[in-house]
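One structure below.
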Amino acid sequence: MMVYTKTYDAPPIDRREIMRYAGVRGDAPEIEAILDECLKESENKLTYKLCYGEFPVSFFVSVDSKDLKKHLEGCDKVILFAATVGIGIDRLISRYASISPTKSLLFQAIGAERIEALCDEFNSEFVGSRFSPGYGDLPLEFQKEIFRLLDCPKRIGLTLNESMLMSPTKSVTAIIGVK
Amino acid sequence: MNIIDFLKNNIVFLDGGMGTLLQGRGLAAGELPERWNIEHPEVIVDIHRAYFDAGSNIVNTNTFGANILKFSAEELDRIVKAAIENARKAAELSVGSQEKFVALDIGPTGKMLKPYGDLDFEDAVRIFAETVKLGVKHGADLIVIETMNDSYETKAALLAAKENSALPVFVSNAYSEDGKLMTGASPAAMVAMLEGMGADAIGVNCSLGPKALAPVVEEYLKYASVPVLLKPNAGLPCSVCGETHYDVSADEFAAEVAALVKKGVRIAGGCCGTTPEYISATVKACEGIKPTAIQKKNITCVSSYTHAVIFDEAPILIGERINPTGKKRFKEALKAHDIGYILKEGIAEQDKGVHILDVNVGLPDIDEVSMLTEVVCELQAIIDLPLQIDTSNAAAMESALRRYNGKAMINSVSGKQESMDAVFPLAKKYGGLIVALTLDDSGIPSTAEERFEIAKRILAEAEKYGIDKKDLIFDPLAMTISADTGAARETLRAVGMIKRELGCHTSLGVSNVSFGLPNRDVINSNFFALALGRGLSAAIMNPYSAEMMNTYYSYRALAGLDENCSDFISSVQSVGTVAQTVTEVKENFASELQKAIVKGLKDRAADLTESMIAENDPLLIVQNEIIPALDTVGVGFEKKTVYLPQLLMSAEAAKSAFEVIKAHMPSGKASDKPPFVIATVKGDIHDIGKNIVKLILENYGYPVCDLGRDVPPEKIVEETVRLHAPIVGLSALMTTTVPAMEETIKQLRKKAPWAKIIVGGAVLNREYAERIGADKYAKDAMEAVRYAEAMQNAKC
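If you read the sequences in order, they're chains A and B.
Position 142 of the first sequence, counting from 1, maps to 142 under the numbering used here, and the rest follow consecutively.
Position 520 of the second sequence, counting from 1, maps to 1520 under the numbering used here, and the rest follow consecutively.
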């Protein structure tokens, strides 16, 4: 049950997706200009770290979640992974909260797009789709199990707090069923 | 022989991996390996013995995750006891004839510290302290703190070790590929902090193979004045035919480690993927290498959680703006507990290019201990500059130093015995670069010679505590020349004498020199230039002064410290004013100010307000200009023609107009609306939504009491009662924190029955809000404002 750690290069940026996360649904040239500044400032503050392991499906049969069972139907093994773009983006979000809420919001959107892009890149190496704690009836408590199996704090600096929140916040844990 | 003595003349060998070997012996994924000390002692003894047989001088007990977060106090005691016994037994059984030691192994808690996680710094210290005490009780020879990937948690662990034992402590951090800790610290920053706190050896383990870690190790060797430790992985794991291997073989590993031992590493072993074979190969490869003598590096520096600032030839600028002295608005912010205002000052100073921030929050009627500590914590959450903690209150100094994530500058000690008795023990315990003022019980002497004598006395006293002269920086005190013609001359002479004859760095609060004179910036900057010429290392100064910044950049260029004069050239270019371009729009606005707010032009809104205020009642500007402009944007937002970032830009512009108005109001208030208490509930650290609501409410003139995030119900109730606030806003993003919201509402109903409660956040909706007893669910900031306004109107 080996767990691997991987560091990625920055995946390509999807500006429209960032704007969507920021609540922009149409043209907003003045916001685009601020987004450029934010992208530049966040560039060397982002890290793309991921740890994963392959586990037999039998590991998860006892999990009380119909949706997870359905997701893993016909699979004989699963890939469990945790990914984070690091604490730097959280610091930027906090820093700008007091001087420019607009930028704070955009950093938030950048972080959301970046972590999804990282997950997509990893996910593209497998056929199955990913399923995370909190989706459907899979309880957030399942985070504990993922953290226990992957040892996320040591491997990628990802931690879980008492309310099942992850720090750094721009992080994802998920399970991919492999047929 | 104890380990410190042994280390003096020998290369010390550590053990190798434990986890990978335990997995080979049947440890299941997710099983806690520490329990194997009790359940399978024979396996643990066997592994330890194999390492001693391979030549390890130190084995780490199998206690990496042994802490009270994972085990009960009773089980933890048994685990640590068994772990140390197992290692001792292995030492006895081993055929190796080398010196053998048992180290209590301490790994990270797996939790992130506040403010980005939920573990309080002092709780982290307590958790580590429990394990340390057990290690002492059961007879460990030393403590090894290892695989730490966060500087703040490393500090908590080292502090716990120092406060609860007299054992030697080795501290080892895990670096990523980018040569930094996961939370951003560079090797130089870690060396500064850990040495300052008295670690006996420091170094690097885990994450990568020896070759990949070499650049980090070399940084350690460059900066450290204590022995350097290296315990790398056997490279990276890879899967070959379904089996896991590490990609660096024992022989390659040994050769690479030996190469670094030759360069000066004094303590070597292996981490993940290494086995007794790796250690025995390493011991062999190091045979005949003469241990490098440990050299004192004489580097004067401070550090933040990301980097070290080194005092060398280039002058260091210390921003003086975080200080209430003579600043009305700053004093108000302190009294109103407006931390945001203080943070803004700090960020602005950083943007101006200072290297260190001085932090002074002393006011007669505030609790300086808690305020200074809070401001230091808030600043270091968002600003990566080292801080200079500026207080004469020893309790405040200790509290702030304790929480500071790095090696701070300590401002200040003087030649008064009382001052030295108070400050030096703190500097010894927490580390720090101490600013020493050359004055004593008889005041500030008038001549350079007398100030120099005081400096010598301070040095001698520091030496009694084992504080090296590199950790003192002298301030020979700039006095005003309008009162004493020779004042500047004597200060400048003292700078030269201290630099030349004591070999110490100096710092000055330059602006005192011009007190009482016109055109102060000109005098200050020329004085600054003269002092730099005499070897001044640092200045506490106002970074908004263009003259001072010009002097700084010119000096660097003239002193040969600015390659191609590139910093000087870019400093000149950035001085040119950046005019905010106003895109011409066809829409009709009632006024330019309204237009500026609607278009989100922050600086223009402030300028226009400033120009209007001479002829208009400030409150009328709010009523007739700001509020209508905000309403225009607000309506657009509700109709979805204005997007959220645009709404925020307008809100920022309105806020900058408000700041101007506030400055012109005698009371400092821009409206008579009632206070609005707002918080993200306990357990939740998301605050973007809450901050947006706060900003918009402030725009509409509500004094918002923002309690922050992860706020316990009791605190929210307390503030609501204290302010008799008619409205409370609560935010929660996670389903797991909604119960905390419900509990808060319950307590508010009991103790503050008058208060109306608005809730919001991603997981909430109208029904949910009703179910937990809120008065109102607001889907966004505008809805919260509309509700507050409706409540106001109902009252009138």
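Idealized CB from N, CA, C, for every residue including glycine.
Does the Cβ of residue i have 16 or more other Cβ atoms within 10 Å, making it buried, or fewer, making it exposed?
i         : result
B:GLU1345 : buried
B:ASN1067 : buried
B:ILE1289 : exposed
B:ASP1421 : exposed
B:ILE1145 : buried
B:ILE1757 : buried
B:HIS1724 : exposed
B:GLY1516 : exposed
B:LEU1357 : buried
B:ALA1546 : exposed
A:THR7    : exposed
B:VAL1585 : Residue confidence for B:VAL1585 is low, a pLDDT of 43 falling below 50, so the modelled location carries little weight; the figure read from the coordinates is stated next. Burial call: exposed.
B:THR1581 : Reliability of the predicted coordinates at B:THR1581 is poor, the pLDDT of 41 falling under 50, and no value is obtained from them.
B:TRP1754 : exposed
B:ASN1009 : exposed
B:LEU1119 : buried
Thinking C-beta only, is residue j closer than 8 Å to residue i?
i         : j         : result
A:LEU106  : B:ILE1685 : no
A:GLY128  : A:ILE176  : yes
B:VAL1711 : B:ALA1732 : no
B:ALA1806 : B:THR1109 : There is no way to answer for residue 1806 of chain B, as the model of chain B reaches only from 1001 to 1796.
B:ASN1205 : B:LYS1222 : no
B:PRO1726 : B:MET1791 : yes
B:GLY1600 : B:SER1656 : no
B:GLY1535 : B:LYS1499 : yes
B:GLY1503 : B:SER1280 : no
B:ILE1597 : B:ALA1557 : no
B:ALA1436 : B:VAL1495 : no
A:ARG82   : A:THR173  : The residue you asked about is not Arg; residue 82 of chain A is Ala in the sequence shown. Yes, Cβ-Cβ distance for A:ALA82 and A:THR173 is below 8 Å.
B:THR1274 : B:ALA1254 : no
B:LYS1662 : B:TYR1544 : no
B:LEU1647 : B:TYR1700 : no
A:ILE31   : B:ILE1688 : no
B:TYR1305 : B:ASN1405 : yes
B:ILE1540 : B:GLU1719 : no
B:ASP1309 : B:HIS1245 : Sequence check: residue 1309 of chain B is Val here, not Asp. The answer is no: Cβ separation not under 8 Å.
B:GLY1179 : B:VAL1216 : yes
B:VAL1413 : B:GLN1388 : no
B:GLY1198 : B:LYS1155 : no
What distance in whole Å lies between the Cβ atoms of residue j and residue i, which are believed to be in contact at a cut-off of 8 Å?
i         : j         : result
B:SER1239 : A:MET2    : 7 Å
B:GLY1797 : B:VAL1693 : Residue 1797 of chain B cannot be examined here, being either before or after the span of chain B that is shown, 1001 to 1796.
A:TYR48   : A:ALA10   : 6 Å
B:ALA1174 : A:LEU149  : Actually they are not in contact, since the Cβ atoms of B:ALA1174 and A:LEU149 sit about 20 Å apart, beyond 8 Å.
B:GLY1431 : B:GLY1196 : 2 Å
B:GLY1264 : B:ASP1247 : With a Cβ gap of about 26 Å, B:GLY1264 and B:ASP1247 do not count as contacting.
B:ALA1538 : B:VAL1513 : Not really, about 16 Å apart at Cβ, beyond 8 Å.
B:ASP1200 : B:VAL1228 : Not a contact, Cβ separation roughly 12 Å.
B:GLY1269 : B:LEU1014 : 3 Å
B:SER1511 : B:ASN1519 : Actually they are not in contact, since the Cβ atoms of B:SER1511 and B:ASN1519 sit about 13 Å apart, beyond 8 Å.
Residues bridged to residue i by DSSP?
i         : result
A:VAL178  : A:LYS77
A:LEU160  : A:MET166
B:LYS1751 : Beta-bridge pairing links B:LYS1751 to no other residue.
A:TYR21   : BP columns for A:TYR21 are empty, so no partner.
Quick one: which residues of the region 22-35 of chain A get their C-beta closer than 8 Å to a C-beta of chain B? List them in chain order.
ALA22, GLY23, VAL24, ARG25, GLY26, ALA28, GLU30, ILE31 and ILE34
The region 148-167 of chain A: which residues have C-beta closer than 7 Å to a C-beta of chain B, in chain order?
ARG148, LEU149, PRO153, LYS154, GLY157, THR159, ASN161, GLU162, SER163, MET164, LEU165 and SER167
Please name the residues in the region 1641-1653 of chain B whose beta-carbon is closer than 8 Å to at least one beta-carbon of chain A, in chain order.
TYR1643, LEU1644, PRO1645, GLN1646, LEU1648, MET1649, ALA1651 and GLU1652
Beta carbons nearer than 8 Å to chain B: which residues of the region 90-102 of chain A have them?
ASP90, ARG91, ILE93, SER94, ARG95, ALA97, SER98, ILE99, SER100, PRO101 and THR102
Anything in the region 1116-1141 of chain B with a Cβ closer than 9 Å to a Cβ of chain A? List those residues in chain order, please.
TYR1116, GLY1117, ASP1118 and LEU1119
Which of the residues in the region 1665-1694 of chain B, read from start to end, lie with their CB under 8 Å from any CB of chain A?
GLY1683, ASP1684, ILE1685, HIS1686, ASP1687, ILE1688, ASN1691 and ILE1692
Against chain B: residues of the region 75-89 of chain A by CB proximity under 8 Å:
GLY86, ILE87 and GLY88
Just by C-beta distance, which residues in the region 1325-1343 of chain B are closer than 7 Å to chain A?
GLY1340 and LEU1343
Between the region 1596-1608 of chain B and chain A, which residues of the former have a C-beta closer than 9 Å to a C-beta of the latter?
LYS1599, GLY1600 and LYS1602
Listed from N- to C-terminal order along the chain, which residues in the region 1014-1042 of chain B have their beta-carbon within a distance smaller than 7 Å of any beta-carbon of chain A?
ALA1029 and GLY1030
Just by C-beta distance, which residues in the region 132-146 of chain A are closer than 7 Å to chain B?
LEU140
Residues of the region 1221-1240 of chain B with Cβ closer than 9 Å to any Cβ of chain A, in chain order
LEU1236, PRO1237, CYS1238 and SER1239
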